[in-house]
Amino acid sequence: MDWTQEQVRRADDLHREALVVDFHCDAVLATLPDSAFDTGSGQGRKLTDRSSEGHVDVPRLLEGGVDCQVFSHFVEPVYNPMAPGRMLQILGFSLAEIEAFEHLALVTCGAEIRRNHGEKVSVLIGFEGGEALGGDLRRLRVFHRLGLRRLTLCWNNRNELADGVGWQQSGSGLTEFGSEVVRECEQLGILVDVSHMTDRGFWDTLEVAGGPVIASHSNSRALCGSMRNLTDEMILALAAKGGVIGVNYVPFFLVDLDFDKLRQDDVQERSKAEAATVETVLDHIDHMVKLTGSADHVGLGSDFDGVPTSVKGLEDTSEVPNLTRGLVARGYSDGDIVKILGENFLRVIEQVCG
Ligand SMILES: [Zn+2]
């Protein structure tokens, strides 16, 4: 992180003017009072209060100049048999939080996000996993009415829509119901998100979808072999459909790590994880930009509060300006930086949600 004063000044000006969009964080799960899923990311905090734990709260969003944050909503697996009802409880919590804070505003379209720029942090509702539909398409319309604008079809497990990466060996992708959901999302104006899908599910979704598809929080598999990441072929196919990929800041999706060793607190694995920095995130951005030949298909999808770890220089959401500094230092044009920071995601929001 060797930035000149001039680079920092130019980056900070640009960051303030730009509309910064983060397409995935788990702040709702981390602050839900009765959460049955500990992300290890400062559970029990309040969204309003600045904390030194976890990654996202309102004061730190404001410090980091994040103008639009997708709040992911995740039904804890223990509640899956009653997922639709549990999702309503979680939504009841988050909608009350958003309404209670003058600095937050629920948004459902691009125009609202642009209107709030510089005034409030826009919050877009996302679901991580289609369990909340309980296998019934009619619920999608209801959730759309409640604000749903981004649906990650599945998490790591299997659900009625698709198999997640934890089921890669099944060779299965999107189910018939999953295909119906993709088509209905496009009808209603909900962004379809392929992060967490098996490879087969990714290709199935791209085939079924008529318009752009996003990957809200996935990196490049050429740089880090995790199955949560996208191969070069996938990145090119997603870009060809006009989609956007949100890079995340999670060490084990940035560099190759041995999970079993990491869990046993192996010193060597730990030092590899700790070597990931904001520059490693920029390497993934560089790779996608060079591969697709433009800066039109990359955005930000931190995954903050979804995992207990973070990388140096992006320890929490207040440090997002470091990404802009890094992009300036790497020679990106102002126009390309503004696209990566948020305009690309805004483009697909406007196209799909209105
Ligand atoms: Zn996730």
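The opening residue of the sequence shown carries number 696 in this note's numbering; numbering runs sequentially from there. Every residue gets a Cβ at the ideal spot worked out from N, C-alpha and C, and that includes glycine.
Nearest in C-alpha terms to Asp1011, of all of Ile909, Gly996, Ser915, is Gly996. Sequence-distant partners of Leu1022 (beyond 5 residues in either direction) whose C-beta falls short of 6 angstroms from its own C-beta, in its chain, are Ile1032. Residue pairing for Ile909: DSSP places it in a beta bridge opposite Asp888.
The residue among Ala731, Pro946, Leu846, Val761 with its C-alpha nearest the C-alpha of Gly813 is Val761. Assigned with DSSP and collapsed to three states, Ser817 falls in strand. Here the C-alpha atom of Thr734 lies approximately 27 angstroms from the C-alpha atom of Arg834.
The DSSP-derived three-state label of Thr975 is helix. Ser890 has its Cβ nearer than 7 angstroms to a heavy atom of ligand 1. Under the DSSP assignment, Gln959 falls outside any beta strand (DSSP E); it carries neither an H nor an E label. By the CB criterion at 8 angstroms, Asn914 and Val876 fall outside the cutoff. At least one heavy atom of ligand 1 lies less than 7 angstroms from the C-beta of Asp998. Here Glu1038 is buried. Its C-beta has 16 or more other C-beta atoms within 10 Å.
Checking the DSSP bridge columns, you'll see Leu1009 partnered with Val1006. Taking 7 angstroms as the cut-off, the C-beta of Gly861 does not count as close to any heavy atom of ligand 1.
Around the C-beta of Met777, fewer than 16 other C-beta atoms lie within 10 Å, and the residue is accordingly described as exposed. Here the region 699 to 715 makes no contact with the region 739 to 746; the two share fewer than three CB pairs at distances below 8 angstroms. Among the bridge pairs identified by DSSP, Arg845 is matched with Gly821, Leu886. Residue burial is scored here from C-beta neighbours: Lys815 has at least 16 other C-beta atoms within 10 angstroms and is therefore classed as buried. Within the model, the alpha-carbon separation for Arg810 versus Asn852 is close to 38 angstroms. Burial check for Asp951: the Cβ neighbour count within 10 Å stays below 16, so the residue is exposed.
Looking at the DSSP output, Ala791 bridges to nothing. Leu933 and Val908 have their alpha carbons spaced roughly 7 angstroms apart. At the C-beta level, Cys849 and His891 come within 8 angstroms of one another. Here the alpha carbons of Val837 and Lys1007 stand approximately 41 angstroms from one another. In its chain, beyond the 5 residues on either side, Cys720, Ala722, Phe999, Asp1000, Thr1012 have a beta carbon closer than 6 angstroms to the beta carbon of Val751. Nearest in C-alpha terms to Arg1042, of all of Ile808, Glu797, Arg755, is Ile808.
Under the three-state reduction of DSSP output, Val984 falls in the helix class. Across the set Gly824, Gly829, Cys763, Leu819, the C-alpha of Leu819 shows the shortest separation from the C-alpha of Arg840. DSSP places Ser915 within a strand segment (E or B) once states are collapsed to three.
The C-beta distance from Pro779 to Gly829 rounds to 4 angstroms, short enough to meet the 8 angstroms contact threshold. Every unbroken stretch of the beta strand (DSSP E) spanning 3 or more residues and falling wholly within the region 924 to 949 is given here in chain order: 940 to 942. DSSP places Phe732 outside both helix and strand once states are collapsed to three, so it counts as coil.
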